[in-house]
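Chains as they are written, first to last, in my numbering: chain A, 1 to 220; chain B, 221 to 440.
All remarks here apply to the structure that follows.
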DNA sequence: TAAACTTTGTGAAAAGTGGCACAAACTCTG
DNA sequence: CAGAGTTTGTGCCACTTTTCACAAAGTTTA
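Here is the structure:
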């Protein structure tokens, strides 16, 4: 166990290991080696061991890792035992889709509020929440102990919404707007930008002769 | 111009520069320096120059870059002048949303086919395409010259669909299923996994005391 | 129990990526 | 046209992340 900075890639991969371990546990496979876990996740054995190494020693030389034990350890490390409240800002095309996306709840993220600036949308019932005016954002964030704000508004309004969320003291922002946000450094911003992924594909296709071996498949 | 591997981050940023250059051209601004372009995109001047340096020499010492010229060059590099045909496999919640997402067409990616294994969905009209049986996949991929396959099926079926797409000779796969795909290395896989992003947030919140300074905000 | 085998955990090397800094190239000014 | 000013392109350095490689620890076999 070392206490150095944990790379973001490591966190991403721990979730991948956890998924695989859950499957292995279901199949009643009791132990697994880093080599085998790597094989199943398209990662190297060394990578698996190094990633786990940031958090402790979980394996046994000669036999590998106890599936169930490692799974439990990862769940704890990754905060799978906790839940957080989420607010979605912007109830357009994307915002609506997010409100019905079951993946939030599955990961302990409860959507407990939705906001929109458009008066026609206010009061609408979307799944379990009622769309509120954006003016009510500060009060609701505080009252409902919301720690994650999801930005699903057009790029032009994204910074403004981010400022409101920061002022209301959310701890994380999940940004779906294709724009770079400026926030204080204690607030974690996670950008999700499908258009960026599509653009990368477009580049790859346009340059595939040239880059075929150069740009390699990446995990994220 | 060096012929080394181009970092994926560079590609992402080139699209950002292109967006800015398009705006600058619209405003009739003829030239721009790396410093100014960096300022407008929240990046350093050195970064701008280094990124462009992977593809050639576009600037003039003392005056900077010709807006229009650089814009055209980037469009060519990034394949903005070309279009590709796309098939979506899996017309559930996510697949349907993707079918109506305008971002594909905006980036030169035309969705020309959709497949689903569920007989009840086959024949349904979704925007401009009709949902076909998955058995028709090989023929349609070939007939319609489809080069990108989008996987929007549950994780369990994802590998099977990937195999079909590879066999049908697509060049890229955009994978929305939260699972690692195994494909021949000439096929480019781009994983898009919202759950992974949510999980990272969840980890951040679970460990924020410990990690506050350790994990830094990242651009992607 | 001892030898052969397997597998971990981790320093050390390698690779990848961004920033600095400066010579060279160009522009501007008087 | 010469000197001052501006800006590029890139070698080099610092930092982060991945891979290598191997001693140490455990397991299996006979």
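For each residue, glycine too, the CB sits at the ideal point set by N, CA and C.
Query, Result
"Hey, residue 306 of chain B and residue 331 of chain B: beta-carbon distance below 7 Å or not?", "yes"
"Could you tell me whether the region 237–245 of chain B touches the region 278–292 of chain B, using the rule of 3 or more Cβ pairs below 8 Å?", "yes"
"I'd like the list of long-range same chain contacts for residue 314 of chain B, defined as Cβ closer than 7 Å, with 5 residues on each side in sequence excluded.", "372 and 396"
"Which runs of the alpha helix (DSSP H), 4 residues or longer, sit entirely within the region 136–216 of chain A?", "137–143, 155–167, 194–206 and 208–211"
"On the criterion of 16 or more Cβ atoms from any shown chain inside 10 Å, does residue 352 of chain B qualify as buried, or is it exposed?", "buried"
"Roughly how many angstroms separate the alpha carbons of residue 381 of chain B and residue 375 of chain B, rounded to a whole number?", "10 Å"
"For residue 44 of chain A, does the three-state DSSP call read helix, strand or coil?", "coil"
"Helix, strand or coil: how does DSSP classify residue 109 of chain A here?", "strand"
"So which residues of chain A does residue 308 of chain B contact, with C-beta pairs closer than 8 Å?", "In chain order: nothing, as chain A lies at least about 13 Å away."
"Since residue 55 of chain A sits in a beta bridge, which residues does DSSP pair it with?", "Answer by DSSP bridge pairing: none, since residue 55 of chain A is not bridged."
"Counting contacts by CB-CB distance shorter than 7 Å, is residue 15 of chain A in contact with chain B?", "yes"
"Determine, for residue 71 of chain A, whether the minimum Cβ-Cβ distance to residues of chain B falls below 7 Å.", "no"
"Using a Cβ cut-off of 8 Å, pull out every chain A residue sitting near residue 348 of chain B, in sequence order please.", "The contacting residues do not exist; residue 348 of chain B stays about 17 Å from chain A at best."
"Does any residue of chain A bring its CB to less than 7 Å from the CB of residue 376 of chain B?", "no"
"Residues in the region 176–193 of chain A with C-beta within 9 Å of chain B's C-beta atoms, listed in sequence order?", "178, 180, 182, 183, 185, 186, 187, 188, 189, 190, 191, 192 and 193"
"Strictly below 8 Å CB to CB, what residues from chain B border residue 199 of chain A?", "231, 232, 235, 298 and 327"
"Look up residue 284 of chain B in the DSSP assignment and give the residues it is bridged to.", "B/280"
"Leaving out the 5 sequence neighbours to the left and right, which residues in its chain are closer than 7 Å to residue 249 of chain B when beta-carbon positions are compared?", "287"
"DSSP has residue 305 of chain B in a bridge; who is on the other side?", "B/330 and B/366"
"Which partner residues does residue 349 of chain B have in the DSSP bridge list?", "B/346"
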